[in-house]
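I have placed the structure first, in the form of structure tokens, so that the comments after it can refer back to it.
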Amino acid sequence: MFRGDRRCYATDELARSAADRALRRGFDRQLPHAERQFFYLPLMHSENLADQQRCLELARDYGDAEFAKYAEQHADIIRRFGRFPHRNAILGRPSRPDEQTFLEAGGFAG
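Here the numbering used here is used: the first residue of the sequence shown is 2, the next is one more, and so on.
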């Protein structure tokens, strides 16, 4: 929803909070395998490194190599830049030189 608009990130904190509560209660384990990953996506899309680390643990336990690969790609970007550079323009953040180089080289389009 709101792709390409800063509003698409407006409820990220709420989504992480809801996912955190659901995970603490084990709700992800009560759903079919294919649906469990939706509890992990708010963590994968977080610019917080602790959320990324938690997502990596969950992704590895989830047992889907492709999902784990994407989790690692997201975490790598946060480890490297502390944020997702592809969001800079939408959020009105200036890109740092290393981020601009990353983006110009193809970066991550998310």
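Beta carbons are placed, not taken as given, at the ideal position from N, Cα and C, and that holds for glycine.
Chain-order list of residues whose beta-carbon lies under 8 Å from that of residue i (same chain, five-residue window excluded)
i   : result
I91 : G5, D6, R7, C9 and Y10
R94 : R84 and R88
D13 : P43, H46 and S47
Assumed close pair residue i, residue j - CB separation to whole angstroms, cut-off 8 Å
i   : j   : result
R80 : L50 : 7 Å
A1  : P43 : Because the chain spans 2 through 111 in this model, residue 1 falls outside it and cannot be assessed.
R17 : D52 : 6 Å
L57 : E73 : 7 Å
DSSP state of residue i mapped onto helix, strand, coil
i    : result
T102 : helix
S47  : coil
D52  : helix
L32  : coil
S18  : helix
Cutoff 7 Å; reference residue i; Cβ partners in own chain excluding five residues on either side
i   : result
L24 : F40
Candidates the options, of which the one nearest residue i by Cα
i   : options          : result
L59 : E48, D29 and Q74 : D29
Residues near residue i in its chain [Cβ-Cβ closer than 6 Å; skip 5 each side]
i   : result
A69 : A60 and R61
F82 : E100
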